[in-house]
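Scroll down for the structure; my scribbles are underneath it.
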Amino acid sequence: MKIFVILSLFCYSLAHTVLLPPHGIECFFEDLRRNDELSISFQVGDRNPQSTEQLTADFLITSPSGTVIRNTKSTSHGTESVVANENGKYKYCFSNKDSPITTKDVTFNVHGVVYVDVNDPRSESVDVSVRKFQELVHDVKNEQGYQVVRERTHRNTAESTNSRVKWWSVFQLIIIASNSLFQIYYLKRFFEVKTVV
């Protein structure tokens, strides 16, 4: 029993990363029962450390009957949650259909709350405690993964800004040196004595 709990906690602590090619869509499925809660947090980024562009993607969740429950357009990050109103496979997709050339890196975490009926004689208090503990560990891991992606995005922006400031300073140094040389040349000519023969 302990090994099963440890393995299940380890499996749930991993974040997922998917590359969305141009005009691509990636879909995933979750089996839910009525009143289960599905929550997905995600961050859209770029694997290129020189990139400073804030990339976006579309996100949607579809019920087993085909009804679109959530449809978020052009978002760079977020958390979407739904409560299952029917049993079955719920589909959630990340779409890059609006981008003709950019491949996007989507990091996401799936977490949910499994509804446990208190009146159900099969539910045991140990199982409920393990599920709560598993959910808390999963939430901490998700937040940590989200912070890593945000730090990477901010670091890329800071490095790009530093590079621009460096090249602007070099440009200003060249302009100042050129101006100084011009002034020396001009003043030297100004004080030259010209003789007419």
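Taken in order, the sequence shown gives residues -15 to -1, 1 to 182; the numbers are from mature numbering (1 follows the signal peptide of the UniProt record, and there is no 0).
Every residue, glycine too, gets a C-beta built ideally from N, C-alpha and C.
It should be emphasised that the depicted structure is a prediction, and the values quoted were computed from it without experimental measurement.
Rounded separation between residue i and residue j - CA only
i: N94; j: W153; result: 40 Å
i: T2; j: F27; result: 9 Å
i: K151; j: P34; result: 17 Å
i: F17; j: G130; result: In the sequence as displayed, the identity of residue 17 is Leu instead of Phe. Going by the C-alpha atoms only, they are around 24 Å apart.
i: K126; j: R116; result: 15 Å
i: F14; j: S36; result: 31 Å
i: K173; j: I159; result: 21 Å
i: G30; j: V134; result: 8 Å
i: V68; j: N147; result: 45 Å
i: residue 192; j: F156; result: The chain is shown only over -15 to 182; residue 192 falls outside these bounds and no answer can be derived.
i: H139; j: R149; result: 15 Å
i: T22; j: N72; result: Correcting the residue identity first, residue 22 is Glu in this sequence and not Thr. One C-alpha to the other measures close to 12 Å.
i: S163; j: L45; result: 58 Å
Outcome for residue i when other beta-carbon atoms lying within 10 angstroms are tallied against a minimum of 16
i: I(-10); result: Residue placement at I(-10) cannot be trusted, given a pLDDT of 41 that sits under 50; what the coordinates show is reported in the next sentence. Burial call: exposed.
i: Q91; result: The sequence as given places Val at residue 91; Gln does not occur at that position. The residue in question, V91, is buried, as its Cβ has 16 or more Cβ neighbours within 10 Å.
i: V53; result: exposed
Bounding residues of the beta strand (DSSP E) (the contiguous stretch that carries residue i)
i: E15; result: 10 to 17
i: T180; result: Per DSSP, T180 belongs to no beta strand (DSSP E) and is neither H nor E.
Determine, using beta-carbon pairs with one atom in the segment 111 to 126 and one in the segment 75 to 91, whether at least three such pairs fall under 8 Å. No, the segment 111 to 126 is not in contact with the segment 75 to 91.
Counting beta carbon pairs with one atom in the segment 159 to 171 and one in the segment 57 to 70, are three or more of them shorter than 8 Å? no
Please give me, in chain order, every unbroken run of the beta strand (DSSP E) with length at least 3 that falls completely inside the segment 31 to 106. Within the segment 31 to 106, the complete beta strand (DSSP E) runs of at least 3 residues are 42 to 47, 53 to 60, 62 to 68, 73 to 80, 89 to 98.
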